[in-house]
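Numbering (the working numbering), first residue to last: 8 to 148.
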Amino acid sequence: MSEKIIEGKAYYCYLNQPDIRSNPEWSLQLVPSQIEQQRFKKYGYDMSMITIDKENLGLSVYMRRKVKHMDDVLERPMLFDKNRKRLELFEELPNGSNVMIKYNEWEGISKTTNKLHKGLDLIAVILLDESPNLFKNREND
Numbered sequence: 008m009s010e011k012i013i014e015g016k017a018y019y020c021y022l023n024q025p026d027i028r029s030n031p032e033w034s035l036q037l038v039p040s041q042i043e044q045q046r047f048k049k050y051g052y053d054m055s056m057i058t059i060d061k062e063n064l065g066l067s068v069y070m071r072r073k074v075k076h077m078d079d080v081l082e083r084p085m086l087f088d089k090n091r092k093r094l095e096l097f098e099e100l101p102n103g104s105n106v107m108i109k110y111n112e113w114e115g116i117s118k119t120t121n122k123l124h125k126g127l128d129l130i131a132v133i134l135l136d137e138s139p140n141l142f143k144n145r146e147n148d
């Protein structure tokens, strides 16, 4: 499938270290524009409300990239600053960071339930905000 690009606000990011609570994966919850939220709903993607301190911030879509094995850093989503220079994370992106995401849509039939599943493969993230001190530009990349 062709790669797509979308902007929005990122929440609950796992881009520095993969989330290992169940299946290891890099991920984030993206709150896109209301038009994009409607498009994701129309095409059958799961949407969930992002709530922080009892405030609803918008419907989000879950984007992830599975970790095939813990030594495989090549599968990690790429991260860039707003000038398109590579960034290295030392902590996770703060909730509400403005980002541009490159992703692929995928779908497949579950072998166990025989139901259609859809998802969004996270390829790259551009941080559109000023890079905070918890980032370091990688001059060599």
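Glycine included, each C-beta is placed from N, C-alpha and C at the ideal position.
Local conformation of residue i per DSSP, three classes
i, result
"residue 93", "strand"
"residue 122", "coil"
"residue 12", "strand"
Contacts around residue i, its chain only, beta-carbon distance under 6 angstroms, and the 5 residues preceding and following it disregarded
i, result
"residue 148", "Reliability of the predicted coordinates at residue 148 is poor, the pLDDT of 44 falling under 50, and no value is obtained from them."
Residue of the options minimising C-alpha distance to residue i
i, options, result
"residue 54", "121, 104, 126", "126"
"residue 101", "18, 13, 12", "18"
"residue 74", "132, 28, 10", "28"
"residue 90", "31, 132, 66, 42", "132"
"residue 42", "67, 120, 98", "67"
"residue 47", "11, 61, 58, 60", "11"
"residue 113", "57, 62, 50", "50"
Sheet register partners of residue i (DSSP bridge)
i, result
"residue 65", "57"
"residue 111", "10, 128"
"residue 71", "34, 128"
"residue 25", "Residue 25 is not bridged to any residue."
"residue 87", "93, 133"
"residue 104", "17"
Cβ-based neighbour list, residue i, same chain, cut-off 8 angstroms, excluding 5 preceding and 5 following
i, result
"residue 14", "39, 40, 105, 106, 107, 108, 135"
"residue 31", "25, 73, 74, 77"
Proximal residues to residue i (C-beta, below 7 angstroms), its chain only, five neighbours per side dropped
i, result
"residue 83", "33"
"residue 70", "34, 35, 37, 108, 110, 127, 129"
"residue 115", "124"
"residue 20", "35, 99, 100"
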